[in-house]
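Report on the structure given below.
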Amino acid sequence: MENNDQLISHALKPDFENTKVAFSQKSDIALKKSYLLFSSMNNSTLVGFGTGMVSKLLQWKFPIKSIIKKTLFEQFCGGEDRDDCDRVIAELGAAGIGTILDFAVEGATDEKGFERTEKETIANIKKSSGSEHIPFCVFKPTGLGPNKVLEKLHIREKLSESEQVAYNRMYQRFERICNAAAKNKVKLLIDAEETWLQNPLDDIIYQMMEKYNKDEPIIFNTFQLYCKDKLAQLKQANELAQQKGFKLGAKLVRGAYMEKERERAKRKGYPSPIQPNKDATDQDYNAALRYCIENIGQIAVLNGTHNEKSNYFLVELMEKASLAHNDKSVYFAQLYGMSDHISYNLSHAGYNVAKYVPYGPVQAVMPYLFRRAEENTSIAGQSSREFNLIKKEMKRRKKDK
Ligand SMILES: Cc1cc2nc3c(=O)[nH]c(=O)nc-3n(C[C@H](O)[C@H](O)[C@H](O)COP(=O)(O)OP(=O)(O)OC[C@H]3O[C@@H](n4cnc5c(N)ncnc54)[C@H](O)[C@@H]3O)c2cc1C
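So the sequence shown is numbered by our numbering: it starts at 3 and just counts up by one.
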């Protein structure tokens, strides 16, 4: 029997063309600001030159922090620290969109850095447990221990004594974070990075799931479907979960490190783990979504994509399976500052939506901001999708006045 909320949300179909809903929270001034930002990001030469220049200027301690803060940072980040994100959390919350607090300082390489990742993640979990607007927390597992140790374990190489100590510390950090998530009943996403580090991480993650996902999915692993073997691994993970009696939390993404993966495989002379082309990635992505919906309840899925077709496809799968739009086992997720036409329209139609909201000191999150800038440059002379959507909404507002 469906409740009223479910009946209401069943009625609406999301329409990603609806820019009125997409930008409903942006004033004319805010929209104009985004327009100027995305129009300058459209210029790939400017972005290329700008990212190099900004890095240098920051290194030389030029006072450009306030300019970056008012432009790129404001568009893509929630704030410089956790509590600084409260305004964004409330803004997204008012549109029914959840926040996924993401400590975006990358490149921890020593114990101090690893401890900081642990502390930030646990503090985020605690903040999340008191807020209906923060349904998930997230962390990057390489922020908890040395890559070298993971790389060795991945190829089953024996660790030295000191490496074993470092691994044990990493494991304990994992354990404390997952324990905090379970205690506070906060769902926890674990990002995926390079394939050559992933096997030992998977081992830890499934041990954590066995411990903490007995009744409900708390811990979510990430499946990068640009890997040739990821669809099979998703199925294996679900078989393991069924054997051991736990729920599988699955965050699906296509994958962000394609060039790096291909380059390393070539340099080291092993077959690339990446799919031969985009179409093969898309096919496995769809198949993974279908598999998750076929096993929904046993699996909880988070669809981490800015691809409109993949989002419509999940909507369609849910409809065919007669799932309520707000079924608690299905989430859609995008990054803050991007693809609002997807997030806001899905939420408007009653689906569970959340956005990664990265935070951290301006200088420390620059690598994240540069990646966003590069993603939004024009491709083959075509303006970026974000830019076109903002332009469309500005035109619509002008006409309606
Ligand atoms: C909420 C969220 C969380 C994320 N978390 C992670 C994470 O933990 N780990 C991670 O790696 N990424 C993560 N990403 C990034 C993600 O993997 C993609 O890089 C990004 O979202 C672009 O893919 P898309 O599905 O949105 O869009 P699309 O434009 O449809 O897909 C682009 C992607 O397709 C694949 N692709 C493109 N060309 C080819 C080709 N020639 N051959 C094979 N494959 C190709 C690549 O993966 C590329 O990134 C996350 C994204 C979101 C929105």
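Glycine is no exception: its CB is placed at the ideal position from the N, C-alpha and C atoms.
When you compare only the Cα positions, how much space is there between residue 102 and residue 163? Numbered from 1 along the sequence shown, position 100 holds the residue referred to as residue 102. Numbered from 1 along the sequence shown, position 161 holds the residue referred to as residue 163. It is roughly 37 Å from the alpha-carbon of residue 102 to the alpha-carbon of residue 163.
Sort out for me which residues DSSP pairs residue 189 with in a bridge. Along the sequence shown, read from residue 1 onward, the residue named residue 189 stands at position 187. Answer is 138.
Start and end of the alpha helix (DSSP H) containing residue 378? By 1-based counting over the sequence shown, the position of residue 378 is 376. Unbroken run through residue 378: none, as it is neither H nor E.
Cβ-heavy atom distance, residue 287 to ligand 1, below 8 Å: Mapped onto the sequence shown, residue 287 falls at position 285. For ligand 1, at least one heavy atom lies less than 8 Å from the Cβ of residue 287.
Assign residue 324 to one of two classes, buried (16 or more other C-beta atoms within 10 Å of its C-beta) or exposed (fewer than that). Residue mapping note: residue 324 aligns to position 322 of the sequence shown, counting from 1. In this structure residue 324 is exposed. Its beta-carbon is surrounded by fewer than 16 other beta-carbon atoms within 10 angstroms.
For residue 229, the three-state DSSP class (helix, strand or coil): Along the sequence shown, read from residue 1 onward, the residue named residue 229 stands at position 227. In the displayed model, residue 229 falls within a strand according to three-state DSSP.
Throw me the rounded Cβ distance for the residue 191 and residue 138 pair, which I believe falls under 8 Å. Taking the sequence shown and counting its residues from 1, one reaches residue 191 at position 189. Taking the sequence shown and counting its residues from 1, one reaches residue 138 at position 136. Right, their Cβ atoms sit about 5 Å apart.
Give me the Cα-Cα distance between residue 11 and residue 354, rounded to the nearest whole angstrom. Taking the first residue of the sequence shown as position 1, residue 11 is located at position 9. Taking the first residue of the sequence shown as position 1, residue 354 is located at position 352. The predicted position of residue 11 is uncertain, since its pLDDT is 46 and thus under 50; a value taken from the coordinates is nonetheless stated next. Looking at the two C-alpha atoms, the distance is approximately 11 Å.
Does the distance between the C-beta of residue 194 and the nearest non-hydrogen atom of ligand 1 fall short of 8 Å? Taking the sequence shown and counting its residues from 1, the one referred to as residue 194 is at position 192. Because some heavy atom of ligand 1 lies under 8 Å away, the Cβ of residue 194 counts as near it: yes.
Bridge partners - residue 317, DSSP secondary structure assignment: Counted from its first residue, the sequence shown places residue 317 at position 315. DSSP output for residue 317 lists no bridge partner at all.
At a cut-off of 8 Å, would you count residue 284 as near ligand 1, judging by its Cβ distance to the nearest heavy atom? As a first step, residue 284 is located in the sequence shown; it is residue number 282 there, counting from the start. Yes, the beta carbon of residue 284 sits closer than 8 Å to at least one heavy atom of ligand 1.
Quick one: measure Cβ to Cβ for residue 358 and residue 337, integer angstroms, because I've assumed they're closer than 8 Å. In the sequence shown, the residue the question calls residue 358 occupies position 356. In the sequence shown, the residue the question calls residue 337 occupies position 335. Contact holds; Cβ gap of about 5 Å.
Reference residue 230; option with closest CA among 290, 18, 67, 276: As a first step, residue 230 must be located in the sequence shown, where it is residue number 228. The residue with the shortest Cα to Cα distance from residue 230 is 276.
When the Cα atoms are used, what is the spatial distance from residue 407 to residue 328? For residue 407 there is no data in the structure shown, the boundaries of the chain being 3 and 403.
Would you mind sorting residue 5 into buried or exposed? The rule is 16 or more other CB atoms within 10 Å of its CB. Stepping through the sequence shown from its first residue, residue 5 is reached at position 3. Legend: pLDDT at residue 5 = 43, less than 50; position of this residue unreliable, value from coordinates given subsequently. Burial is judged here by how many other beta carbons sit within 10 angstroms of a residue's own beta carbon; residue 5 has fewer than 16 and is exposed.
By a C-beta neighbour count over all protein chains shown, 10 Å radius and 16 as the cutoff for buried, is residue 167 buried or exposed? The sequence position of residue 167 within the sequence shown is 165, counting from 1. So residue 167 ends up on the exposed side.
Rounded to the nearest angstrom, what separates residue 198 and residue 227 at their Cα positions? As a position in the sequence shown, residue 198 is number 196, starting the count at 1. As a position in the sequence shown, residue 227 is number 225, starting the count at 1. When rounded, the distance between both Cα atoms is 15 Å.
Which same chain residues, not among the five before or five after residue 447, have their C-beta less than 7 Å away from its C-beta? Absent from the model: residue 447. The displayed extent of the chain is 3 to 403, so no value can be given.
Cβ of residue 328 less than 9 Å from any chain C Cβ? In the structure shown, chain C cannot be found, because there is only a single protein chain.
The beta strand (DSSP E) that contains residue 332, what's its start and end? For the purposes of this step, residue 332 is taken as residue 330 along the sequence shown, with counting starting at 1. 332-337 is the span of the beta strand (DSSP E), which, as asked, contains residue 332.
Can you list, in chain order, the residues of its chain whose CB lies under 6 Å from that of residue 8, leaving out five sequence neighbours each side? Stepping through the sequence shown from its first residue, residue 8 is reached at position 6. For residue 8, the pLDDT reaches just 44, beneath the cut-off of 50, and the residue's location in the model is therefore unreliable, although a value from the coordinates is still provided. Apart from sequence neighbours up to five positions away, the residues of its chain that approach residue 8 with a beta-carbon distance below 6 Å are 326, ordered along the chain.
Residues that DSSP places opposite residue 357 in a beta bridge: By 1-based counting over the sequence shown, the position of residue 357 is 355. Residue 357 is bridged by DSSP to 101, 336.
Tell me the rounded alpha-carbon separation between residue 38 and residue 363. If you number the sequence shown from 1, residue 38 lands on position 36. If you number the sequence shown from 1, residue 363 lands on position 361. If you take the alpha carbons of residue 38 and residue 363, they lie about 24 Å apart.
Report the partner residues of residue 302 according to the DSSP bridge assignment. Counting from 1 along the sequence shown, the entry for residue 302 is found at position 300. As a beta-bridge residue in DSSP terms, residue 302 pairs with 251.
Sufficient close CB pairs (3 or more, under 8 Å) joining the stretch 242-261 to the stretch 291-305: Touching, yes.
Using DSSP with H/G/I as helix, E/B as strand and the rest coil, what is residue 18? Residue 18 sits at position 16 when you count from the first residue of the sequence shown. Residue 18 carries a coil assignment under DSSP once its states are collapsed to helix, strand and coil.
Using 8 Å as the cut-off, can you tell me whether the stretch 85-100 makes contact with the stretch 111-128, which would need three or more C-beta pairs spanning the two stretches below that distance? Between the stretch 85-100 and the stretch 111-128, the count of Cβ pairs shorter than 8 Å is below three; the stretches do not touch.
Can you tell me whether residue 201 is buried or exposed? The criterion is at least 16 other CB atoms within 10 Å of its CB, across all chains shown. In the sequence shown, residue 201 corresponds to position 199, counting from 1. It counts as exposed.
Closer than 8 Å to a non-hydrogen atom of ligand 1 - does that hold for the CB of residue 148? For the purposes of this step, residue 148 is taken as residue 146 along the sequence shown, with counting starting at 1. Not so, every heavy atom of ligand 1 lies at least 8 Å from the Cβ.
Cβ neighbours of residue 289 in the same chain (closer than 6 Å, five flanking residues each side left out): Taking the first residue of the sequence shown as position 1, residue 289 is located at position 287. 233.
If we count Cβ pairs, one from each stretch, closer than 8 Å, do we get three or more for the stretch 139-157 versus the stretch 390-401? The stretch 139-157, when compared against the stretch 390-401, does not touch it at the 8 Å Cβ threshold.
Close-in-space but distant-in-sequence residues of the same chain around residue 374 (CB under 6 Å, 5 per side omitted): For the purposes of this step, residue 374 is taken as the residue at position 372 of the sequence shown. If we look at residue 374 and ignore the five residues flanking it on each side, its Cβ neighbours are 78.
Quick one: give me the first and last residue of the alpha helix (DSSP H) that residue 350 is part of. Walking along the sequence shown from the start, residue 350 turns up at place 348. Where residue 350 is concerned, the enclosing alpha helix (DSSP H) stretches over 342-350.
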